[in-house]
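In the UniProt record's numbering, the protein residues as written are 1 to 253.
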């Protein structure tokens, strides 16, 4: 969503996206919801780190953004991989190593290569010296696991207790996974917990809270009106798996 939109416009844009993509595959909804690739609270930790390997990491950024919002060519993707590997060769555990792996994981998800994305995120969790990196990687890994159909693993990852900065994100992701399973009462509770966690947060908290409340309403309506998503063959089930729906990469475009 454009950073130039007002909060109300962004909320309405999200609602339209949800309505139009209600029949997307579970993987698309779980990955796209809540801005899977947004750094959010993680940015503050990034700003406090030293500048070691910054020159090498700049090359990762340059390669990854060479096409702007357009898809990278195979040659450009190879450039991202090469630049990231150069960072990792110098330092396998620092912040720039984490960020490089996040870029590689994003590129893998865009290509629907979920196993590869999971391996990059696992590497962050195993090697990072930064707690916020580990928490962000765990959150993203949970969404990737859910997209792969491994919802039990996703929920297990989200059962951990992150720092305050990630509490809302974990609760929202848990709600998204539960909603995809049709466990709407539990999803409602998870979204409610996410709203509570946002209280007192100034950064985009108002818009996120409103989006979460929309998700809560969606779960409550679906729970109260089972016929609307059950026996009615013409109804739209927001949690159904549609084999003809767009892939996560297509949905993100």
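C-beta atoms are modelled at their ideal positions from N, C-alpha and C, and glycine is treated no differently.
Please read these numbers as outputs of a predicted model, since none were measured by experiment.
Check each candidate in the options and name the one with the smallest Cα separation from residue i.
{"i": "residue 150", "options": "88, 106, 223, 180", "result": "180"}
{"i": "residue 134", "options": "183, 160, 81", "result": "160"}
{"i": "residue 222", "options": "66, 188, 142", "result": "188"}
{"i": "residue 148", "options": "217, 109, 63, 61", "result": "109"}
{"i": "residue 71", "options": "93, 107, 54, 92", "result": "107"}
{"i": "residue 207", "options": "139, 168, 186, 117", "result": "168"}
{"i": "residue 128", "options": "136, 213, 94", "result": "94"}
{"i": "residue 54", "options": "75, 98, 74, 78", "result": "98"}
{"i": "residue 265", "options": "138, 171, 184, 119", "result": "Residue 265 falls outside the range modelled here, since the chain spans only 1 to 253, and no answer is possible."}
{"i": "residue 121", "options": "145, 152, 190, 105", "result": "105"}
{"i": "residue 115", "options": "139, 124, 145, 137", "result": "145"}
Please work out which residues of its chain come closer than 8 angstroms, Cβ to Cβ, to residue i, disregarding the five sequence neighbours upstream and downstream, and give them in chain order.
{"i": "residue 56", "result": "83, 86, 87, 90, 96"}
{"i": "residue 126", "result": "none"}
{"i": "residue 163", "result": "131, 132, 135"}
{"i": "residue 307", "result": "This structure does not reach residue 307, given that the chain is present from 1 up to 253, and the question cannot be answered."}
{"i": "residue 190", "result": "171, 172, 174, 175, 178"}
{"i": "residue 78", "result": "none"}
{"i": "residue 152", "result": "none"}
{"i": "residue 261", "result": "Because the chain in this structure spans residues 1 to 253, residue 261 falls outside the shown range and cannot be described."}
Kindly indicate the opening and closing residues of the alpha helix (DSSP H) around residue i.
{"i": "residue 189", "result": "184-198"}
Please go through the same chain and pick out, in chain order, the residues whose beta-carbon is closer than 7 angstroms to the beta-carbon of residue i, but skip the five residues on each side of it.
{"i": "residue 103", "result": "60, 64, 80, 84"}
{"i": "residue 100", "result": "57, 60, 84, 87, 88"}
{"i": "residue 92", "result": "127"}
{"i": "residue 195", "result": "209, 212, 213"}
{"i": "residue 192", "result": "216"}
{"i": "residue 139", "result": "166, 169, 170, 173"}
{"i": "residue 220", "result": "188"}
{"i": "residue 184", "result": "219, 222, 223"}
{"i": "residue 119", "result": "none"}
I'd like the list of long-range same chain contacts for residue i, defined as Cβ closer than 6 angstroms, with 5 residues on each side in sequence excluded.
{"i": "residue 142", "result": "154, 157, 158, 173"}
{"i": "residue 186", "result": "178"}
{"i": "residue 34", "result": "Note that residue 34 has pLDDT 42, beneath the 50 cutoff, so the model's placement of it is unreliable and the number below is only indicative. The residues are 172."}
{"i": "residue 76", "result": "66"}
{"i": "residue 137", "result": "121, 124, 125"}
{"i": "residue 39", "result": "Summary for residue 39: the model assigns pLDDT 45, below 50, so the residue's position carries little reliability, and this model does not support an answer."}
{"i": "residue 117", "result": "105, 108, 109, 144"}
{"i": "residue 36", "result": "The pLDDT assigned to residue 36 is 42, lower than 50, so where the model puts this residue is not dependable, and the model offers no usable value."}
{"i": "residue 199", "result": "none"}
Any beta carbon of chain C sitting closer than 8 angstroms to that of residue i?
{"i": "residue 99", "result": "The structure shown contains no chain C; it is built from a single protein chain."}
Quick one: which unbroken beta strand (DSSP E) runs of 3-plus residues sit fully inside the region 132-163? Chain order, please. none
At which residue ranges does the region 58-115 contain complete alpha helix (DSSP H) runs of 4 or more residues, listed in the order of the chain? 74-90, 95-110
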